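Inspection log for the structure reproduced underneath, given as structure tokens.
Residue numbers (UniProt numbering): 1 to 338.
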């Protein structure tokens, strides 16, 4: 079996919420609440969910841009919290991020050439001549040419800026890249170009992606596996094609039902109620306040994550009970035939 490149285990990130009164107790927003998953070399793993579900925070914690409250993150089997400062600096070369808005992540006062050269200088990679050669090669790889070296971010289109952001991410030859809403701000035609570019670069550089997005169509097309987050928790993980047929978790089913289709029998599932307050999440299943299939057990007992299909995990009492009932029917049929 392939060894995971990245293992995230029971990851929590809680933010302290301000007190409303002098004697009030502080509350905590549970932005990430017990997230567990693994990524394998060369795969694209999608992370989806409503705005505020914790998917971007998860990506930032994995890269240690912000520290987790608890939980472990292992890279190639090693807990990154045990890394020395020198090893952490070396690890940061292997992991990169591409943000939604490249303009905010590119220094507006510096040229594209300077922006791409700076990480090479910081990590003391090569001499001036070899760095210049490397920069030109990277620009070519992302579909730009030498004429961009002396231009500034504000002189570029949105698609060109995103290509520069991608070039900046791959120039240190990383193994793992978090793409946080990397194509969300682009026109559909430009989105397709950038997605094709990312696929090409993945093969060329043997990259592994964590692809964070709210665009379900893009995620289903671009990713190998998908994890669905709700209120800081992962409720379902499976192959991308499984989500194109029928997600198991009621929330995932409602989420993916919003994708337009030519099927006349397809109906969008509209959830009732608002997203609960992450500083005071519901007891039991976090989705039970909005679930159309809620059972009594859902209100008090948090569902365990169960493997129900090949490479498919789900956290839902209803789904597990239905699967168990189907297994009993199958077993009974086999016994009757015998």
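From the three backbone atoms N, C-alpha and C, an ideal C-beta is built for every residue, glycine too. Computed from a predicted model, the values in this text were never measured in an experiment.
- Taking every protein chain shown into account, the CB of residue 290 has 16 or more other CB atoms within 10 angstroms, so this residue is buried.
- Residue ranges of uninterrupted alpha helix (DSSP H) with 4 or more members, entirely inside the region 124-199 and ordered along the chain, are 128-141 and 158-170.
- Residue pairing from DSSP places residue 226 in a beta bridge opposite 46 and 238.
- Per DSSP, the unbroken beta strand (DSSP E) holding residue 7 starts and ends at 6-17.
- Per the C-alpha coordinates, the member of 242, 184, 198 and 207 positioned closest to residue 214 is 184.
- Residue nearest to residue 33 within the set 206, 302 and 205 is 302 (criterion: CA-CA distance).
- In this chain, residue 210 is not harboured by any alpha helix (DSSP H); it is covered by the beta strand (DSSP E) spanning 208-212.
- Per DSSP, the continuous alpha helix (DSSP H) segment holding residue 87 begins and ends at 85-94.
- For residue 110, the closest C-alpha among the options 237, 35 and 164 is that of 164.
- Under a 10 Å Cβ-count criterion, residue 124 is classified as exposed, with fewer than 16 other Cβ atoms of the shown protein chains found around its own Cβ.
- Short of 8 Å from the beta carbon of residue 203, and not among the five residues preceding or following it, lies no beta carbon of its own chain.
- Residue 256: member of the alpha helix (DSSP H) spanning 250-256, first to last residue.
- Distance from the Cα of residue 194 is smallest, within the candidate group 63, 35, 76 and 218, for 218.
- Residue pairing of residue 27 in beta bridges, as defined by DSSP: 17.
- In this model, residue 14 and residue 136 are separated by some 43 Å (Cα to Cα).
- Apart from the 5 residues on each side of it in sequence, residue 46 sits with its Cβ closer than 6 Å to the Cβ of 211, 219, 223 and 226 in its chain, given in chain order.
- In its chain, beyond the 5 residues on either side, 282, 294, 298 and 299 have a beta carbon closer than 7 Å to the beta carbon of residue 288.
- Where residue 71 is concerned, the enclosing beta strand (DSSP E) starts and stops at 70-75.
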